[in-house]
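A.B. asks: Residues 550 to 1110 (the working numbering) are what the sequence shown spells out, left to right.
Built from N, CA and C at the ideal position, the CB exists for glycine as well.
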Amino acid sequence: MFENEILKRIKVEGFEASDLVSMLEVPKDTEKGDIALPCFRFAKALRKSPVQIANDLKENFDDCRFLESVEAVGGYLNFKLNRVAVAKELETVLQQGENYGASKEGAGKTVCIDFSSVNIAKPFHIGHLSTTVIGGALYRIFEKLGYKVVGINHLGDWGTQFGKLIVAFHKWGNREEIEKGGVVALNKIYVKYHQEAEKDPSLDDEARAWFKRIEDGDKTALDLFYWFKEITLLEVGKIYDRLKIKFDSYDGESFYNDKMQPVLDILEQKGLLVEDNGAKIVKLDDYDMPPCLLVKADGATLYATRDLAAAYYRRATYDFTKCLYVVAYQQNLHFRQLFKVLELMDFSGYEDMEHINFGMVSLEDGSMSSREGRVVWLKDVLDQAVDKARLIISEKNPNAEDCEQIANSVGIGAVVFSALWNNRIKDIVFSFDKVLNFDGETAPYIQYTHARCCSLLRKGGEPDVLKVDYNAIANNEGYEVVKSILAFPNAIEQSAQMREPCVVSRHIVDLAEKFNRFYISNRIVDCEECERDARLLLAKVTAQTLKAGLSLLGIDAPVIM
Ligand code: ARG
């Protein structure tokens, strides 16, 4: 808003608005101004001294209503903003309501986001939290910027584990128990299989034979395969609902069974596919990578083969401008290989594929191991967080009517936020006490601030925009809140550009902190008549912005806490 008004008055060849934004500084001595623009980098293009340039550019700002003053000092332009004029922008924010922060930047463009991508019959454990919520947040962030987004759950629904499951089911399973126990029950017999197969390797032969029957389309085998899939999807569907996650496609690995041959043919034609002890590989020595194995000696295809087919399918089906894969950094090599092979194949737009990697989540009380069945199920983590939130809420606000709903929003929000707070690549050690802290860098803290704003509005009534005197929020604390609200759209854009939901998380924590500072030092309801409307307006747009930010992250904003 006010930034754009400043930027459009700086015309230097070779410098786009986006370059200029990154050049803007906040002067150390705020007495000098609110924003400074160093003119040194313009010297070459304009063939003048920075001092001269600053002096010349200054002329362009005579009519800028957001400015109190502009000064050219030692090659810098120092801008002092007119706080009242800037604060008046809140009216536009209010008018935009839920649309605030939305843009048309992505109009006509499609982004595919491959995220969560769970494995059938395997536990949905805390390790899947990050891909699920980072993917979900990116989905909503790109959507907000006007992109068409296709959320894809590339299910891990193919492989020998299905043969193992069938053997396990025949030996130790029971239909009723599994119908009732869901994935947990399935996982139990799967773990048992691994324990038994260690003692009796002939089980693996049986498993291979069963998997072969699935591949050959044998009805008994296929029925079981679909049943395992259904049970898993039913269970993960419940978790997706709780996390407010949706997908546009569940086309997973098995979907590509009949779509790999054409891709292998292209590789063959281009002379990229070479035989290696009966297997087929693409050599990548020239790129300092191990070969990409695509067909095993027994003819079986692999994870990478399916991903190649998926890339072609997505290109043809969705015509994406970007295809993002939200997958842990353990698969860095897989994606480097995949993208390189696509490049060698002249796959159009291989540069549009991006691996959005992230670190690991472990629990404070020791990590987990899925082999021995010592997994931490995501469902249990969510349940526990909600239980703990319920306790806290009932202490803080014993009369709250919708305690159950609030506990849900707070508990689940806290878990979701914990995976969206840091730069993706950082490993996270999860602690219930930390994520549920109402006074930290957490979702409950933001939710609490939002509820505080709502409560102020209940007490003070709706602000009358026509009566607002912006001087009442132009003091230092108020002005900080105003600036933070006005910078929210930039945060969304930056977050999309960097594929980092934490830019939004950090922005709204910062806004909440600034609002609370304002709240402590300024009366809002109980103030002079002439101040009230401005301060209530500030509370209202703060609530609106916090809610919008939370909603991008997939987190509720209860009005009472
Ligand atoms: N199912 C895989 C796993 O759990 C993740 C799949 C990611 N997506 C992809 N297209 N490879 O490791």
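(1) Give a yes or no on whether the C-beta atoms belonging to residue 687 and residue 664 are separated by under 9 Å.
(2) Under 8 Å from any heavy atom of the ligand ARG, does the C-beta of residue 668 make it?
(3) Is the stretch 1068-1076 touching the stretch 707-723, taking contact as three or more C-beta pairs under 8 Å?
(4) Under 8 Å from any heavy atom of the ligand ARG, does the C-beta of residue 924 make it?
(5) In terms of alpha-carbon separation, which member of 934, 701, 628, 1068 lies closest to residue 799?
(6) Taking 8 Å as the cut-off, is the CB of residue 880 close to at least one heavy atom of the ligand ARG?
(7) Return the chain-ordered ranges of every beta strand (DSSP E) run that is complete within the stretch 893-951 and spans a minimum of 3 residues.
(8) Just checking my contact of residue 638 with residue 1035 at CB under 8 Å: how many whole Å lie between their CB atoms?
(9) Under 8 Å: do the stretch 985-997 and the stretch 1054-1061 share three or more Cβ pairs, one atom per stretch?
(10) Taking the beta strand (DSSP E) that residue 822 falls in, what are its first and last residues?
(11) So is residue 1081 buried or exposed if we call it buried at 16+ other beta carbons inside 10 Å?
(12) Could you tell me the distance, in whole angstroms, from the CA atom of residue 660 to the CA atom of residue 863?
(13) What is the rounded straight-line gap between the Cα of residue 918 and the Cα of residue 943?
(14) My parser needs the alpha helix (DSSP H) runs of 4 or more residues fully inside the stretch 643-711; what are they?
(15) Taking residue 745 as part of the alpha helix (DSSP H), name the residues at either end of that continuous run.
(16) Quick one: what does DSSP say residue 850 is sitting in, helix, strand or coil?
(17) Pick helix, strand or coil for residue 971, following the three-state DSSP scheme.
(18) For residue 891, which of 747, 927, 853 has the nearest alpha-carbon?
(19) Kindly indicate which three-state DSSP category residue 587 falls into: helix, strand or coil?
(20) Where does residue 580 fall in DSSP's three states?
(21) Under 8 Å: does the beta carbon of residue 852 sit that close to some heavy atom of the ligand ARG?
(22) Please confirm whether any heavy atom of the ligand ARG lies closer than 8 Å to the CB of residue 984.
(23) For residue 759, which residues in the same chain have their Cβ closer than 7 Å to its Cβ, ignoring the five residues on either side in sequence?
(24) Can you determine whether any heavy atom of the ligand PLP sits closer than 8 Å to the C-beta of residue 649, and answer yes or no?
(25) In the stretch 955-1009, which residue ranges form an unbroken alpha helix (DSSP H) of at least 4 residues, counting only runs that do not cross its ends?
(26) For a test of your reading of the model: does the CB of residue 876 fall under 8 Å from any non-hydrogen atom of the ligand ARG? Yes or no.
(27) From 632, 674, 1089, 1102, pick the residue whose C-alpha is nearest to that of residue 929; which is it?
(28) Tell me which residues share the same chain as residue 855 and place their Cβ nearer than 6 Å to its Cβ, disregarding the 5 neighbours each side in the sequence.
(29) Quick one: give me the first and last residue of the alpha helix (DSSP H) that residue 774 is part of.
(30) Could you tell me if residue 1093 is buried or exposed, where buried requires 16 or more neighbouring beta carbons within 10 angstroms of its beta carbon?
(31) Using DSSP bridges, identify the partner residues of residue 627.
(32) Give the DSSP-derived three-state secondary structure of residue 798 in the structure shown.
(33) For residue 873, name the three-state secondary structure that DSSP assigns.
(34) Any heavy atom of the ligand ARG inside 8 Å of the beta-carbon of residue 813?
(35) For residue 722, I'd like the list of residues in its chain whose CB is within less than 6 Å of its CB, leaving aside the five on either flank, ordered along the chain.
(36) When you compare only the Cα positions, how much space is there between residue 904 and residue 860?
C.D. replies: For this structure:
(1) yes
(2) yes
(3) no
(4) no
(5) 701
(6) yes
(7) 902-905, 910-912
(8) 6 Å
(9) yes
(10) 822-825
(11) buried
(12) 10 Å
(13) Summary for residue 918: the model assigns pLDDT 49, below 50, so the residue's position carries little reliability; its value from the coordinates is reported in the next sentence. Taking the straight line from one Cα to the other gives about 35 Å.
(14) 678-693
(15) 724-748
(16) strand
(17) coil
(18) 853
(19) strand
(20) coil
(21) yes
(22) no
(23) 712, 715, 716, 770
(24) For the ligand PLP, the structure offers nothing, since it holds only the ligand ARG.
(25) 981-984, 992-1009
(26) yes
(27) 674
(28) 802, 805
(29) 768-792
(30) buried
(31) 585, 620
(32) strand
(33) strand
(34) no
(35) 738
(36) 13 Å
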